[in-house]
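Participant:
There are 2 protein chains.
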Amino acid sequence: MATLPKILQTVVIEHVAPELDGGRYPVKRIMGEAFDVTADIFKEGHDTIAGILRYKTEGNNAWQESPMQHVDNDRWAGSFVLAENTRYVYTVGAYVKSFETWRKELTKKHGVVEDLSSELLEGEAQVKEAITQSKGPDKSELKLWLDKWKAAPNQDTRITIALDDILATLVGQHEKRAAWSTYMQELTVIVDRERARFSAWYEIFPRSEGTVEGQGGTFKDCEARLPVIREMGFDVLYLTPIHPIGETNRKGRNNSLKSQPGDPGSPWAIGSRHGGHDAVEPALGTMKDFDHFQKSVRNHGMELALDFAINATPDHPYVNQHPEWFKQRPDGSIKYAENPPKKYEDIYALDFYSEAWADIWQEMKRVLLFWVERGVKIFRVDNPHTKPVPFWEWLIRSIQEAHPDVLFLSEAFTRPKMMRILAKAGFTQSYTYFTWRNSKKEMIEYLTELTQTDMKEFFRPNFFTSTPDILPEILQQAGRPAFKFRLVLAATLSPSYGIYNSYELCENRAIPGTEEYQDSEKYEIRHWDWDRPGHIRNYITIVNQIRRNNPCLHLFTNLRFYQADSEHVLFYGKMTPDQSNILLVVVNMDPYTTHEVRLSIPIEEFGIGEHDTYQLHELIQDYRHQVVGTEYWIRLDPQKEPAAIFALRKRVRRENDFDYFQ
Amino acid sequence: MATLPKILQTVVIEHVAPELDGGRYPVKRIMGEAFDVTADIFKEGHDTIAGILRYKTEGNNAWQESPMQHVDNDRWAGSFVLAENTRYVYTVGAYVKSFETWRKELTKKHGVVEDLSSELLEGEAQVKEAITQSKGPDKSELKLWLDKWKAAPNQDTRITIALDDILATLVGQHEKRAAWSTYMQELTVIVDRERARFSAWYEIFPRSEGTVEGQGGTFKDCEARLPVIREMGFDVLYLTPIHPIGETNRKGRNNSLKSQPGDPGSPWAIGSRHGGHDAVEPALGTMKDFDHFQKSVRNHGMELALDFAINATPDHPYVNQHPEWFKQRPDGSIKYAENPPKKYEDIYALDFYSEAWADIWQEMKRVLLFWVERGVKIFRVDNPHTKPVPFWEWLIRSIQEAHPDVLFLSEAFTRPKMMRILAKAGFTQSYTYFTWRNSKKEMIEYLTELTQTDMKEFFRPNFFTSTPDILPEILQQAGRPAFKFRLVLAATLSPSYGIYNSYELCENRAIPGTEEYQDSEKYEIRHWDWDRPGHIRNYITIVNQIRRNNPCLHLFTNLRFYQADSEHVLFYGKMTPDQSNILLVVVNMDPYTTHEVRLSIPIEEFGIGEHDTYQLHELIQDYRHQVVGTEYWIRLDPQKEPAAIFALRKRVRRENDFDYFQ
C-alpha cells in the first residue's frame, strides 16, 4: 500500500559498502584498522549536502559520527577506526547544508543580479536560527557576526560578511539538519583481534608426543616439545581432541573396524566412563595437567587451539543422561553416524532435529564456555557443515558476546556455498581448497576469488598444507621439493596457514589410492624422530621468520599476481598500503623440473622509474641484486630451491644525495 | 544479541534473483511473460531438498507455488507466469523431502548392508505419517501400498515396494515439509502492460496543428492530423502541456524575457484565470473537445500521453488558494523558480519542503486521477529530478494501485544515479543519454550498461531522437543522413522510442552554439508544411512497420553487438528466445562518408553450420541474398542509405528435402 511517509527523508542514500547480502551478515575486520565506508548520496535539485558516517559498538545507544567526503559521481567515502574487539554497527546519514546552499546561490547571483536584499534577508534568518540552536561561546560569536551583518553600511559589505568562511563554519555547526535522511538499515562489522587474520598453526596428536616407545604421550610430554615448536615460529598450537575416547566399537589401526587390545581409538570418538566434552582423556593427564600445559603454551608465546567435534560414542555420558538428544530408530536402538552406505559404529550423531534441539545448543555453548574459562580462546571446529547453519550463527555469537577474543576455525571441506555461508554465519577462519590447487592457473583463479570478490569481506582462509585426513597427492608423489614450495605458497599467499606435524619430516607414506596417511595417528600412537634426515625444520623456521618480519604478509587482500613467462612458475607480490614493505614471491610449482623464467617486475606500481635502480633481496637464501627495469630472470631448481622471496627496496635519494637503500 | 530462533529454519536460501538493492525496490516485467527466479538453496548434511517458488498478487494472502529445479552448484531455478497487470510478491521456500532422503539412503545400503529391517521400519513410519496427512483417493491408495508393504513375504520384496516411484510420488505429496525454511524477505515485481516496453511516441504542440496561418491549432485540428500520424506507425501521441498558460512575465519568441501581444507563452508555464492543472487552455478548445479528441486517438489505434509538469505561474489558482505551498521570502514575496543565477520569472516552484508538503502530494495525486478518469493512461513527467524521490515513489504507487495500466515516462536528463533511482522509484520508462551517444564505442558501452547490468531489471529506456529542448549537434550539422540513421538506431536498439514532430522534416535550424531550435515551438505557434521536400515520412513508416512485424524488436535485453570491421559501423542483432525471428542491423554512424565493411555474422549463435545456406532479407530496401559462412560485406552510403535491417532466415530441411526458407 502506498502510504505517506511520516518523516520526509529526501536525500537518497544507497549502495552502502561494505554490505553483505543486503545486510543479512556482518563483514569482518581487525582491531585497530581504519574502516572505510562508501555510499551513493544525492538529492533532487541543487542543494549542498553533507554525508555522515555513523557508528557505535553493538549494544551502545549513542551514535558517533564521522564526516564523509564526495569522491565523484555522487559517491561518498568516510572512515573510522575500529578501536575495540567487538561488533560495531554502522550506517550512513545525510542532510542539506542550508546555509552552505544559500551561500552558493548568493555567490552565483552576486554581480549578476542587482538587488540581493531579499536573498540577504533569507541568510540573516538562517544565522538567527543558528543562534537559537547554539550556546556558550559559539552563541556569543554568532551574535557578534549578526550585529556586524546588520550594521553593514551597504549591500556589498553585507555580502562580504555573509560569505565569510568563519561565519559559514559556525552556522554550519549549529544549523538544523534539513531533510535529515538515513540509510534503510544498520550494518554490522565484526572486529577481531589480530590473530584472527595472522596466524601460523601447528597441529599435533598429544598422545604421539611420548618419548618412551610403546607408551602414549601426555600433556607433560607436550610441554617438553614447546620450545622446538616455538623455535620453528608457530603461534597457534592446535591439539586434536583431548577428551576421553570411547571403547564400544573402537576403531583399530589404519581405520580397521576391530581394535586390538592397547589400540587407543580415534580421538574424535568422544566420550567414555571418564567423561565427555568437558573432560580430558586420562591417558593424557588430569585437568590440572591440562591447565598447566595451557599456561605453558602462553608462556612460550603461543596460543592453544582445541578441537571442537560434536560426536558422541555409545559410551558418552550424554547417551544415558539425554537419550532424547539422539535419533532413535523404530526398534528402540540409537542411530549411528553414517554416510550411506558407510556407518561409523564408534559414533552416535547428536540429532539436531530432535524436539530437544535447543537443549543441545545450550549444552554446546556450556561446553565451549567451560574451555574458554580455562583460557582456551581458539577452536578448530570439526565438520561444521554437518550441523545446521543457524546453530553456528547462534553459538559463535553467544560466545563472542561475552568473549570477543575467541576465534573459530571452520573445518568444512565441502561445497563452495556451504564453506562460504559458514564464514558468513560467524566462523573467524576457514579451511579452503588450497590443498588441492596444484596448477598455476588454478591457484590464480582461486586466490583471485578469495581476495577480489566479496569473499574478502567475510572469508579468512587458513591454508593448511596437509591435515591428518588429507595427505595430498603432490606431497605423496613429489616429496621434499613439493613440501618446500607448498609451504612457501601457504605461508605467503595467506596470512593464516598451518601444518600438521610430520610435515617438517616430509612424511609422505599414504595408503595407496587414498589421501590417508599410512599408520595414521588417528588410530594409533606414533613416535616421531624429529631429527630424521631430510627434514625441513630450518626451512620452516626461515619462512616463519620472513612472515613475522614483513607486515605485508600479515595482510591478505593486498595479494597481486604478476607476469612470469612460464605456466609452472607463479609470481606474486604483497605490499603494505604505505609501500614501506614490498615482497615478491616466485614459486616453481613443478616439483620435477628446473624452470628458468623471465619475470616482469611491476616497477610502475611501486613508483620506480624505468631507469631507477632498486634492490631485490632474496630472503630464504639471503642474496641481493641491484636491478634496473622490469625484466628479471630467475632459475628455480626444485631439488635445490623451488621458491624465492624477494624484499624489494627502493633507492631513496636524500638531500646529500648519498645512494642508500631504505 | 544472540537469541534462540523460534522456528528452526535450517535450509539456507540466499542470493535470490532478481532482487534489487536487497529487495528495497521492485523489478519490472511485462504481463504474460514467464518470470524466472533463481536462488542458492542448500543444507547441512545429505538430505534431499525441494525448492519452492512462492508468489501472489499484492494484497492477496494466499501463496501460489511453483517447484524449482536444481541447476548446478546449489543453484536452483523456477518460474511462473505473470498473468495480471499488477504487482506480484515472490519469495523462495525449501524443505527436506524426508521420504526421498530415506529412499536414497536405502538404495545406497541395498546390497551392501545385510539387515535392513530397521531402515524399513523407518520408511514404514513415514508412509503412515503421509496417510494421516492425506484424504480421499490418495489416502485410500496409500493405505493399499502400506498393506502391500506389510504383507511382503521377504526383505527384498519389501524393498522393491518401498522404492516404487508411484509410492514415492504419493508420499511426497502428503508428507510434512521437514525443516521448512523461507527466504529472509518477500520481493516485488511490477507487471506492466505491453505498452510499457514497446511503444513508438510522436510528440506535438497541439497549438501548432492549425491550418490557418497566424491562428493557433485546436484539439479539432489535432484530430484531423491523426490519420497521418497513425499512418507513420506511431502508437503513443504525446501532447506538450495543454493547460491554461500564465500571462504574468510570459516569455516571448525564442525565449525572450518580454512577450509581444499575441505571443502564446510556454505551455510549461501552467495556470491562468482559466484554471490550472485540471483545466485546458481555452485556445485549444473545451474539456469536451479534449474528451472527444482523446477518444478519437484511441479510435485511431493510438494512445494519448499528457505532460505532467509541476510548475505554477503567478496566475495559477494555487497561488491564491494555497499560498502556503510556495516558498515565501522574508519580504513576503513568493520565490520564482531559479537555477542561479538564472531566474524563471514566469514560474513559481511549489515548495516540497513547506509544512504543507503532504497536501501538495495529495493534490498532485488528485490532478493525475482527474486525467486518468478521463481516459489518459500515459504521462510524460517533466523534470522529475527536481522533486523529492519519495514523492514519486508514493505518487506512482498510489495511482497504479487503482490503475495499474497507467504508465509514467521520466524526463530526467540529469546525473546517472538520479536517472536510475527515479526508475527504481517507479517510473515505467525513462529518457536516456541516447541523444548524445554519437560514436560506435559510446553506443556499445551505453547499451551494454542498459541491457547487461542490473539496470535491465528496472530501467526501460525510451530513445527520443530529439525533443523540443534538444536538437542534437549531429542532426544540426549532418542533416538528412543523420536523421535517418539516428531513427534506425532509436527504433531498433530500444523497444520504446520517440520523435518530436518536425523530425520527419529533418528540421535542423538551431540557435547557434546551443541545442535549442530556432523559432522554437515552445514560445510561438508554428505551421509546418508536412510535405516539405526532403521529408523522411516514408522512411519512418517503413521502420515502424519493421518494428511491428518483428517481435524481436519488442524486446530489449536480447540486444547483442557483433563484429563489423570499422569504428564507424555499428552491427547488432536481436532475436526472439525461440529464434523464430532474427534481425541483424547495420548502421553507418558516420553521416559524411561511405564505408564498406566486413561483417562477421554469428551463424553459430543461430545454429547455422559453416556450410549451410541462409537468407538475408534487407527490409528497408527489400532485397535478398543467399549467404554461406560468417563473412558478409556491405557498403553503406549515408546519402543513399546509412542503415540496413536484415531478417535472417534459416534454411529448413523437410522430409521431402525441398529447399525452402521458413
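The listed protein sequences correspond, in order, to chains A and B.
Taking the working numbering as reference, the numbering of the first sequence is continuous, increasing by one, and the terminal residue is 673.
Taking the working numbering as reference, the numbering of the second sequence is continuous, increasing by one, and the terminal residue is 673.
Note that beta-carbon positions come from the ideal geometry of N, C-alpha and C, so glycine has one too.
Just the chain B side, please: which residues come within less than 7 Å of LYS108 (chain A) by C-beta, in chain order?
Facilitator: The residue labelled residue 108 (chain A) in the question sits at position 97 within the first sequence. Within 7 Å Cβ-Cβ: nothing; LYS108 (chain A) doesn't reach chain B, min ~14 Å.
Participant: Buried or exposed: which applies to ASN519 (chain B), given that a residue is buried once 16 or more other Cβ atoms fall within 10 Å of its Cβ?
Facilitator: The residue you call residue 519 (chain B) lines up with position 508 of the second sequence. ASN519 (chain B) should be labelled buried.
Participant: Can you give me the Cβ contacts of GLU76 (chain B) inside the same chain, cut-off strictly under 6 Å, excluding the 5 residues immediately before and after it?
Facilitator: Here residue 76 (chain B) is taken as the residue at index 65 of the second sequence, counted from 1. So the qualifying residues of the chain are ILE63, ARG65.
Participant: Which residues bound the beta strand (DSSP E) around TRP405 (chain A)?
Facilitator: Taking the first sequence and counting its residues from 1, one reaches residue 405 (chain A) at position 394. First-last for TRP405 (chain A): 400 to 413, but that is the alpha helix (DSSP H), not the beta strand (DSSP E).
Participant: Is the beta carbon of TYR444 (chain B) sitting closer than 8 Å to the one on GLU422 (chain B)?
Facilitator: Taking the first residue of the second sequence as position 1, residue 444 (chain B) is located at position 433. Taking the first residue of the second sequence as position 1, residue 422 (chain B) is located at position 411. No, these two residues do not count as a Cβ contact at 8 Å.
Participant: VAL680 (chain B): which of B:ALA50, B:HIS414, B:ASP232, B:ASP480 sits nearest, CA to CA?
Facilitator: Since the first residue shown for chain B is 12 and the last is 673, residue 680 (chain B) is missing from the structure and cannot be characterised.
Participant: Checking the sheet assignment: what are the DSSP bridge partners for ARG391 (chain A)?
Facilitator: Reading the first sequence from its first residue, position 380 is the one you call residue 391 (chain A). In DSSP, ARG391 (chain A) forms a bridge with A:ASP318, A:LEU420.
Participant: For chain B, check one thing: does any of its Cβ atoms lie closer than 8 Å to the Cβ of ARG665 (chain A)?
Facilitator: Here residue 665 (chain A) corresponds to residue number 654 of the first sequence, with the count starting at 1. In this prediction, ARG665 (chain A) has a pLDDT of 49, which is less than 50 and means its spatial position is unreliable; what the coordinates show is noted afterwards. No, ARG665 (chain A) lies away from the interface with chain B (no Cβ there is under 8 Å from its Cβ).
Participant: If contact is defined by three or more beta carbon pairs under 8 Å, each pair taking one atom from either stretch, is the stretch 38 to 55 of chain A in contact with the stretch 473 to 482 of chain A?
Facilitator: No, because fewer than three Cβ pairs between the stretch 473 to 482 of chain A and the stretch 38 to 55 of chain A fall closer than 8 Å, the two stretches do not touch.
Participant: Please identify the residue among A:SER477, A:VAL400, A:VAL417, A:GLN411 whose C-alpha is closest to the C-alpha of ARG431 (chain A).
Facilitator: The residue you call residue 431 (chain A) lines up with position 420 of the first sequence. The shortest Cα separation from ARG431 (chain A) among A:SER477, A:VAL400, A:VAL417, A:GLN411 belongs to A:VAL400.
Participant: Are the Cβ atoms of THR112 (chain A) and LEU174 (chain A) separated by less than 8 Å?
Facilitator: Walking along the first sequence from the start, residue 112 (chain A) turns up at place 101. Walking along the first sequence from the start, residue 174 (chain A) turns up at place 163. No, Cβ-Cβ distance for THR112 (chain A) and LEU174 (chain A) is not below 8 Å.
Participant: Using 8 Å as the limit for Cβ to Cβ distance, is ASP668 (chain B) near chain A?
Facilitator: By one-based count along the second sequence, residue 668 (chain B) stands at place 657. The predicted model places ASP668 (chain B) with a pLDDT of 43, which falls under 50 and marks its position as unreliable; any figure quoted below should be read in that light. False, the Cβ-Cβ gap to chain A never drops below 8 Å.
Participant: So, for TRP382 (chain A): in the same chain, excluding its five sequence neighbours on each side, which residues have a beta-carbon less than 7 Å away from its beta-carbon?
Facilitator: What you label residue 382 (chain A) is simply residue 371 of the first sequence in a count that begins at 1. Closer than 7 Å at Cβ, skipping near neighbours: LEU317.
Participant: For LYS39 (chain B), which residues does DSSP report across the bridge?
Facilitator: The residue labelled residue 39 (chain B) in the question sits at position 28 within the second sequence. BP columns for LYS39 (chain B) point to B:ILE201.
Participant: Does the Cβ of ASP10 (chain A) have 16 or more other Cβ atoms within 10 Å, making it buried, or fewer, making it exposed?
Facilitator: Outside the displayed span of chain A (12 to 673) sits residue 10 (chain A), for which this structure offers no information.
Participant: State the DSSP-derived secondary structure class of GLY221 (chain A), mapped to helix, strand or coil.
Facilitator: For the purposes of this step, residue 221 (chain A) is taken as residue 210 along the first sequence, with counting starting at 1. Of the three classes helix, strand and coil, the one that applies to GLY221 (chain A) here is coil, per DSSP.
Participant: From the DSSP output, read off the bridge partner residues of GLN80 (chain B).
Facilitator: Within the second sequence, residue 80 (chain B) is the residue found at index 69, counting from 1. B:ALA88.
Participant: Quick check: the Cα distance between PHE419 (chain A) and ILE389 (chain A), rounded to an integer number of angstroms?
Facilitator: Walking along the first sequence from the start, residue 419 (chain A) turns up at place 408. Walking along the first sequence from the start, residue 389 (chain A) turns up at place 378. For PHE419 (chain A) and ILE389 (chain A), the distance between alpha carbons rounds to 6 Å.
Participant: Run the CB neighbour count on GLU535 (chain B), radius 10 Å, all protein chains shown included, and call it buried at 16 or more, exposed below.
Facilitator: For the purposes of this step, residue 535 (chain B) is taken as residue 524 along the second sequence, with counting starting at 1. So GLU535 (chain B) ends up on the buried side.
Participant: So LYS119 (chain B) contacts chain C; which residues on that side make the cut at Cβ distance below 8 Å?
Facilitator: Protein chains A and B are contained in the structure displayed, whereas chain C is not.
Participant: For ALA73 (chain B), decide whether its Cβ has a neighbour in chain A, counting only Cβ atoms nearer than 8 Å.
Facilitator: Here residue 73 (chain B) refers to the residue found at position 62 when the second sequence is read from its first residue. Judged by the 8 Å Cβ criterion, ALA73 (chain B) is not in contact with chain A.
Participant: Mind checking who GLY263 (chain B) pairs with in its DSSP beta bridge?
Facilitator: In the second sequence, counting from the first residue as 1, residue 263 (chain B) sits at position 252. DSSP lists B:SER267 as partners of GLY263 (chain B).
Participant: Can you confirm whether the stretch 97 to 113 of chain A touches the stretch 189 to 206 of chain A when touching is taken to mean that 3 or more C-beta pairs between the two stretches lie within less than 8 Å?
Facilitator: In short, these stretches touch, since the Cβ pair count reaches three.
Participant: Mind checking whether ARG241 (chain B) and HIS311 (chain B) have CB atoms under 8 Å apart?
Facilitator: One-based indexing of the second sequence puts residue 241 (chain B) at position 230. One-based indexing of the second sequence puts residue 311 (chain B) at position 300. Against a cut-off of 8 Å, the Cβ pair of HIS311 (chain B) and ARG241 (chain B) comes out as a contact.
Participant: Indicate whether at least one CB of chain A lies closer than 8 Å to the CB of PHE53 (chain B).
Facilitator: Here residue 53 (chain B) corresponds to residue number 42 of the second sequence, with the count starting at 1. So yes, PHE53 (chain B) belongs to the interface.
Participant: For the alpha helix (DSSP H) containing ALA434 (chain A), list its first residue and its last residue.
Facilitator: Here the question's residue 434 (chain A) lines up with position 423 in the first sequence. It spans 427 to 436 - the alpha helix (DSSP H) in which ALA434 (chain A) sits, taken as one unbroken run.
Participant: Who are the Cβ neighbours of LEU237 (chain A) in its own chain at under 8 Å, not counting the five residues just before and after it?
Facilitator: Start at 1 with the first residue of the first sequence, and residue 237 (chain A) comes out as number 226. Contacts found: LEU248, SER307, VAL308, HIS311, MET313.
Participant: What are the residues of the stretch 386 to 402 of chain B that lie near chain A, defined by any Cβ-Cβ distance shorter than 7 Å?
Facilitator: Answer in chain order: HIS396, THR397, LYS398, PRO399, VAL400, PRO401.
Participant: Does the distance from the C-beta atom of PRO351 (chain A) to that of LEU132 (chain B) stay below 8 Å?
Facilitator: Within the first sequence, numbered from 1, the residue matching residue 351 (chain A) stands at position 340. Within the second sequence, numbered from 1, the residue matching residue 132 (chain B) stands at position 121. Cβ atoms of PRO351 (chain A) and LEU132 (chain B): not closer than 8 Å.
Participant: For TYR550 (chain B), report the span of its alpha helix (DSSP H) as first-last.
Facilitator: Here residue 550 (chain B) corresponds to residue number 539 of the second sequence, with the count starting at 1. First-last of the alpha helix (DSSP H) with TYR550 (chain B): 548 to 560.
Participant: Using a C-beta to C-beta distance shorter than 7 Å, which residues of chain A count as neighbours of VAL138 (chain B)?
Facilitator: As a working note, residue 138 (chain B) is residue 127 in the second sequence. Going along chain A, no residue has its Cβ under 7 Å from VAL138 (chain B), so there is no contact; the nearest lies around 12 Å.
Participant: Straight-line CA distance for SER531 (chain B) to LEU250 (chain B)?
Facilitator: Along the second sequence, read from residue 1 onward, the residue named residue 531 (chain B) stands at position 520. Along the second sequence, read from residue 1 onward, the residue named residue 250 (chain B) stands at position 239. Cα to Cα, the separation comes out at about 16 Å.
Participant: Give me whichever residues DSSP pairs with GLN637 (chain B) in a beta bridge.
Facilitator: Here the question's residue 637 (chain B) lines up with position 626 in the second sequence. Bridge partners of GLN637 (chain B): B:GLN626.
Participant: With C-beta atoms as the reference, is ILE656 (chain B) less than 8 Å away from LEU594 (chain B)?
Facilitator: Within the second sequence, numbered from 1, the residue matching residue 656 (chain B) stands at position 645. Within the second sequence, numbered from 1, the residue matching residue 594 (chain B) stands at position 583. Taking 8 Å as the Cβ cut-off, ILE656 (chain B) and LEU594 (chain B) qualify as a contacting pair.
Participant: Which runs of the alpha helix (DSSP H) fall wholly inside the stretch 78 to 155 of chain B and span at least 4 residues, in chain order?
Facilitator: Fully enclosed alpha helix (DSSP H) runs of 4 or longer: 109 to 120, 128 to 144.
Participant: So what does DSSP say about ASN165 (chain A), is it helix, strand or coil?
Facilitator: Reading the first sequence from its first residue, position 154 is the one you call residue 165 (chain A). Correct three-state label for ASN165 (chain A): coil.
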